[in-house]
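Visitor: I am attaching a structure below and will ask some questions about it afterwards.
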């Protein structure tokens with residue numbers, strides 16, 4: 002699950018970056034944007050699954066109760082982008098700025114699920130920190146800090162979307178990137 006988390010975050014951020022540089026072909030921006038959002042959804046699902054694996058052992062975590070619930074959530078979060086398709090702000094595109102607009106209700110729904118999953122993971126890591134030895138505690142603390150930074154990024158992203166502020170959304174992505182790097186450091190500690 003750890004590798005899935007980092008793979009989905011890397012591919013999600015890469016596709017997110019790519020579609021923001023495409024100012025010459027408006028037709029491919031939205032499909033690439035949806036692909037990025039699907040990878041971001043997978044990122045938060047795999048983050049929650051790492052908690053289940055650490056807490057319940059891999060065999061139980063891969064059962065219908067945990068994996069099935071997360072897969073259902075992933076499907077709902079992802080297929081909604083094909084029902085409530087984001088649009089491209091063509092006025093901004095003419096200025097050389099790629100600005101996509103997700104239908105407001107769907108934007109709020111997906112971000113609340115992402116924030117909820119992240120808060121759940123922070124809570125579970127906090128509970129695990131109490132029960133583990135000192136050598137593992139430092140690792141879990143880095144994971145905990147990384148997820149808190151990611152939550153701050155998600156809240157900034159939500160605020161940026163509500164306020165229609167690209168600058169706030171850029172700061173949100175920077176916070177999510179920093180949080181992911183801190184999280185990665187936590188996984189590297191032996």
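In this note's numbering, the protein residues as written are 2 to 191.
Virtual Cβ for every residue (Gly too), placed ideally from N, Cα, C.
Using CA coordinates, which residue listed in 173, 34, 68 is at the minimum distance from residue 47?
Guide: Looking up residue 47 in the chain shown gives position 46. The option with the nearest alpha carbon to residue 47 is 68.
Visitor: Could you check whether residue 42 and residue 75 sit closer than 7 Å to each other, using their CB atoms as the reference points?
Guide: Position 74 of the chain shown, counted from the first residue, corresponds to residue 75. Position 41 of the chain shown, counted from the first residue, corresponds to residue 42. Contact: yes.
Visitor: What separation, rounded to the nearest whole angstrom, lies between the Cα atoms of residue 91 and residue 99?
Guide: The residue given as residue 91 occupies position 90 in the chain shown. The residue given as residue 99 occupies position 98 in the chain shown. The alpha-carbon atoms of residue 91 and residue 99 are separated by roughly 8 Å.
Visitor: What is the C-beta distance between residue 45 and residue 119, in whole angstroms, given that I count them as a contact (C-beta under 8 Å)?
Guide: The residue you call residue 45 lines up with position 44 of the chain shown. The residue you call residue 119 lines up with position 118 of the chain shown. Indeed, because the Cβ distance is near 7 Å, the residues count as touching under 8 Å.
Visitor: Alpha helix (DSSP H) containing residue 178: first to last residue?
Guide: Position 177 of the chain shown, counted from the first residue, corresponds to residue 178. Per DSSP, residue 178 belongs to the alpha helix (DSSP H) from 167 to 189.
Visitor: Please report the residue range of the alpha helix (DSSP H) in which residue 31 lies.
Guide: The count along the chain shown starts at 1 and reaches residue 31 at position 30. Residues 30 to 57.
Visitor: Are residue 176 and residue 146 closer than 7 Å when you measure CB to CB?
Guide: Here residue 176 refers to the residue found at position 175 of the chain shown. Here residue 146 refers to the residue found at position 145 of the chain shown. Not in contact: residue 176 and residue 146 (Cβ atoms no closer than 7 Å).
Visitor: Only counting runs of 4 or more residues, tell me where the alpha helix (DSSP H) segments fall wholly within the region 98 to 167, in order along the chain.
Guide: DSSP assignment within the region 98 to 167 yields the following whole alpha helix (DSSP H) runs of 4 residues or more, N-terminal first: 105 to 132, 135 to 164.
Visitor: Compare the C-alpha of residue 155 against each of 139, 165, 180, 137 and name the closest.
Guide: Here residue 155 is taken as the residue at index 154 of the chain shown, counted from 1. Measuring from the Cα of residue 155, the nearest candidate turns out to be 180.
Visitor: Report the CB separation of residue 174 from residue 112 in whole angstroms; it is logged as a contact under 8 Å.
Guide: Sequence index remark: in the chain shown, residue 174 carries index 173 (1-based). Sequence index remark: in the chain shown, residue 112 carries index 111 (1-based). Not confirmed; about 13 Å, so no contact.
Visitor: From the DSSP output, read off the bridge partner residues of residue 88.
Guide: Residue mapping note: residue 88 aligns to position 87 of the chain shown, counting from 1. Bridge partners of residue 88: 102.
Visitor: How close, in whole Å, do the beta carbons of residue 72 and residue 114 come, if the pair is a contact with beta carbons under 8 Å?
Guide: Walking along the chain shown from the start, residue 72 turns up at place 71. Walking along the chain shown from the start, residue 114 turns up at place 113. Residue 114 and residue 72 do not touch by the CB rule: their CB atoms are close to 14 Å apart, not below 8 Å.
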